[in-house]
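Numbers given in the working numbering equal positions in the sequence shown, counted from 1, plus 128.
C-beta: ideal position from N, C-alpha, C; glycine also.
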Amino acid sequence: MTFTALLIKEMRLRMRRERTIWLIVAYILLLGLLGWLNVSVSSAGANNSGNWGNIGLGLYSLLLIVQLFLILFITPAFTSTAINGEKERQTFDLLLCSNLSSTALITGKWLAGLINALLLIAASIPIFSLVFFFGGVSPIQALEALLIFVLTAMLAASLGIFCSTLVARPAISTALSYVLLLLWLGLPVLLAIIVPQSTHSTMASPDIPVYLNWHPVMALLSTYNYGGIIGNNATMFGPFIMPIWQVYCIFSSMAILFFIALSLWLVKPQGWNRLKQRLHKNHSLNEKHETKASVTA
């Protein structure tokens, strides 16, 4: 089996499932319903003031945040059972015995799950295009947000495939991927609330703590800065001053490569055995140190 054959097989299996079509339909209906409710509520004030740009900006902000969280919590389900699911069905050994390399196996499973998430993003583009009828958002800003969506989907898919290679049971790997995503989203916000702002602000963006530069919500807001929520859109990245969304793209690309590399290492039987041996060796060394300390005492 080759990489192309694996990718085609995975895509056929996924797209022939009835739930895939219903997921896309429900996804579009949810975005469309929320957008319609937002426009209906905001249009009354716009008729009096004539400021339709605010309606477009409010609709755009709502759709951005909703789609971001939908992507984050749908994408891991496509990849978090890709490897250990094969082991549970007892077909993983057949893949290892074929001509398929570990790189082709991981990237094929990753791309197959990622394409499903990209289909959801592509299906939502007509709804986002309605924003341009109201104004307030430029096409460049929309393209920047689209790039953030794609990178976020790639990151969530790579995290799911990593958990699938790390944990043996599919249910546990799925739960682990969602827990890690919640920590990624929640811990920086919690830290920003607890830690005083004067101790964690950057030089170029005094309103934003450094650790929030790799937060998807802040990256989306920095593409258009709705209502001046985040102050200055730029932040220090080494010797450079860059927009927050560009810093987010850099860190996300590095995280994607990191999770894919770990998955490639763990999917090999010798890589997993090597990890177990190192853990066992460290445990043995700790026991020896404890024994020596007790004898000395």
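What does the alpha-carbon distance come out to for the pair M143 and L248?
The straight-line gap from Cα to Cα measures roughly 13 Å.
By the DSSP assignment, the alpha helix (DSSP H) with S292 in it spans what residues?
Run containing S292: P267 to L294, per the alpha helix (DSSP H) assignment.
Terminal residues of the continuous alpha helix (DSSP H) containing L385?
I372 to V395
Rounded C-alpha distance that separates V338 from F197
22 Å
Let me check understanding here. Comparing Cα to Cα, which of M282, S171 and A270 lies closest to L246?
The option with the nearest alpha carbon to L246 is M282.
Alpha carbons only, please: which of L200, I253 and T207 is nearest the one belonging to L294?
T207
Taking the CB atoms as reference points, tell me whether F131 and A285 lie closer together than 8 Å.
no
Taking just the CA atoms, how far does K215 sit from H328?
Annotation note: pLDDT 44 at H328 (below 50); position unreliable, no value reported.
DSSP beta-bridge partners for I112?
Lying outside 129 to 425, the shown extent of the chain, residue 112 is not represented and no answer is given.
The alpha helix (DSSP H) spanning A250 covers which residue range?
In the DSSP assignment, A250 falls within the unbroken alpha helix (DSSP H) covering S230 to A251.
Could you pull out every residue in the same chain whose Cβ sits closer than 7 Å to the Cβ of F256, ignoring the five residues on either side in sequence?
L191 and A270
Three-state class that DSSP yields for I369 in the structure shown:
strand
Classify I183 as buried or exposed, calling it buried when 16 or more other Cβ atoms lie within 10 Å of its own Cβ.
buried
In angstroms, rounded to a whole number, what distance separates the CA positions of N212 and K237?
12 Å
Nearest residue (CA-CA) to L151, options I388, H343 and N244
Between L151 and the set I388, H343 and N244, the nearest pair of CA atoms involves N244.
Spatially closest choice to Y188 from L311, V265 and L242, by CA coordinates
V265
Give every residue of the same chain whose Cβ lies closer than 7 Å to the Cβ of F239, excluding the five residues on either side of it in the sequence, and list them in chain order.
Contrary to the premise, residue 239 reads as Leu rather than Phe in this sequence. Correct list, in chain order: L135.
Nearest-angstrom Cα separation, counted from W393 out to L200
25 Å
Restricting to Cα atoms, I'd like to know which of I321, F379, L318 and L319 is closest to A347.
F379
With the cut-off set at 8 Å, would you say S381 and L279 are in Cβ contact?
yes
To which residues of the same chain is L309 closer than 8 Å at the C-beta, ignoring the five residues directly before and after it?
L200, F201, P204, A284 and L287
Output needed for P251: all residues of its chain with C-beta closer than 6 Å, excluding positions within five of it in sequence on either side, in chain order.
Note that residue 251 corresponds to Ala in the displayed sequence, not to Pro. Here the set comprises I152 and I156.
Relative to the C-alpha of A383, which residue among W312, Q195 and K137 is closest?
The residue with the shortest Cα to Cα distance from A383 is W312.
Which residue from F387, V194 and K137 puts its Cα closest to that of A273?
V194
Could you check whether I300 and I234 sit closer than 8 Å to each other, using their CB atoms as the reference points?
Not in contact: I234 and I300 (Cβ atoms no closer than 8 Å).
On a CA-only basis, which of L349, G160, C291 and N227 is nearest F386? Give me that one, please.
Here the closest residue by C-alpha is C291.
Which residue comes first and which comes last in the alpha helix (DSSP H) that contains V259?
Unbroken alpha helix (DSSP H) run through V259: V259 to F262.
The alpha helix (DSSP H) that contains W312, what's its start and end?
P298 to I322
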